[in-house]
Each structure stands twice: as C-alpha cells, then as structure tokens.
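In the UniProt record's numbering, the protein residues as written are 1 to 227.
The structure is reproduced here in structure tokens:
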C-alpha cells in the first residue's frame, strides 16, 4: 500500500498511514478513542499522563507494521519470507497493522476500571459463528466489545472492513474466545500451516511481548515523565 498521510508522533517520530487505513482511522468507532485516556486516573499522580488510546492505537499499528515487515519480507532472517507468495505477504502485513490499530476500540472510559460493571457477554450479541464457545456464560470484557465493534465496522453505510477481515482481526486480538475463521485458511496456499501462522500473527498484537506493549511502555513512561 502506498502511504497516504504522515503523522508526527512524539514516540515514533514519523508514522505513515495508508489510504485504506486512513478511512478506518476516521471511523467514529476509532475516533472515540481520542476521548479515552490511556492511563485512566493516573494523571492525578503524573499530571502529564493525559495521552489517549487513539495515539496509542496509531503507535501500535506502526510497531506492528515494522515487526511484520521483518518477519514476512526479510528473507535473510525469516523462512516465511521465502515460503509465502507476494499476495500472502501483503495480506499479512496489512491485517497485522489493522489489528494493531483496532486492538483497543472496545475500551470504555476509565480504562479497565469500567470492566467491573460490564454485562454478561451474551447480551452483546456477538456473531455466534465467531465464538469458540457460544454458550459460555461470563462477564464481558473490553476484548468482547472490541469484537462487537469490529463486526460493526463491517456493516452499514460507513462500512470500513469486509466481513472476513473483521472476523480475522477479532480472532487475532481476542484469540482466547474467538476461533480461527475459515476465511483465514482460505487466504493461503495448500501446504502453508495456517494454524501456526495464525499463532504467529496474533503474537505480534496479543502476547507477552507484542506491538501493544512495545508502544505503551514507551508512550506511558514518556508522558508520565519517568524516563
């Protein structure tokens, strides 16, 4: 994808946003993150820590893109770069960047604090085919709301994602509850171990060491003034 706009960022300095990503970035579901502080009430202790989840999400897109570029394009360090087709590499890089951008869209005000009053997940009416266990009874989390909003991004006049893209992204950012969709497997040639590839892709945006953490460790410490 050709760069469409350039965003100046205090952490990463220069972030390129592609044309399609710009359309998703402008969607109300993503723009609402401008009004949700990344660290909730932490600014009462660290007054400068008033940054929002929008800037963090853009930063996560950027970091996820850098990692994906190395894993899927650098043939010197990655066997995947030699095994995948050009179309498959492009898809993986694009979907990982979008997963980075959209991983937090389900967050409520006051960050994780609001999760204490969330309803049962069955009340959200998530697409049943997405769920690994549709009958599970539990309290909803922000990841469930992320999946709900992802399904919304694939609907209506402001549609920003295709149905299969929304489902794939949901499976990457909420893999404990959203099963690997059939549409993921159809994206790759026979002989590609698609389950292992899915685990790799989701680890870039949802693991102990992922693009999300790489951005917020830098961003949160910067605005808190502790580095």
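Ideal placement from N, C-alpha and C gives every residue a C-beta, glycine not left out.
Task: Residue range of the unbroken beta strand (DSSP E) whose run includes residue 14 - done: 13-18
Task: First and last residue of the uninterrupted alpha helix (DSSP H) at residue 184 - done: 182-185
TODO: Identify which residue in 9, 5, 15 and 200 has its Cα closest to the Cα of residue 23.
DONE: Relative to the Cα of residue 23, the nearest Cα in the group 9, 5, 15 and 200 belongs to 5.
- [ ] Take residue 222 and list the residues in its own chain whose beta-carbon comes closer than 7 Å to its own, dropping the five residues that flank it on each side.
- [x] Answer for residue 222: 10 and 11, listed in chain order.
Open item on the list: Using a 10 Å radius around the Cβ and a threshold of 16 neighbouring Cβ atoms, would you call residue 212 buried or exposed?
Closed with: buried
- [ ] Answer yes if the region 164-180 comes into contact with the region 89-98, meaning at least three C-beta pairs across the two stretches below 8 Å, and no otherwise.
- [x] Judged by Cβ distances under 8 Å, the region 89-98 makes contact with the region 164-180, as three or more pairs qualify.
Open item on the list: The alpha helix (DSSP H) that contains residue 216, what's its start and end?
Closed with: 211-224
- [ ] Determine the burial state of residue 58: buried for a count of at least 16 other Cβ atoms within 10 Å of its Cβ, exposed for fewer.
- [x] buried
Task: Selection from 66, 21, 31 and 18 that minimises the alpha carbon distance to residue 215 - done: 66
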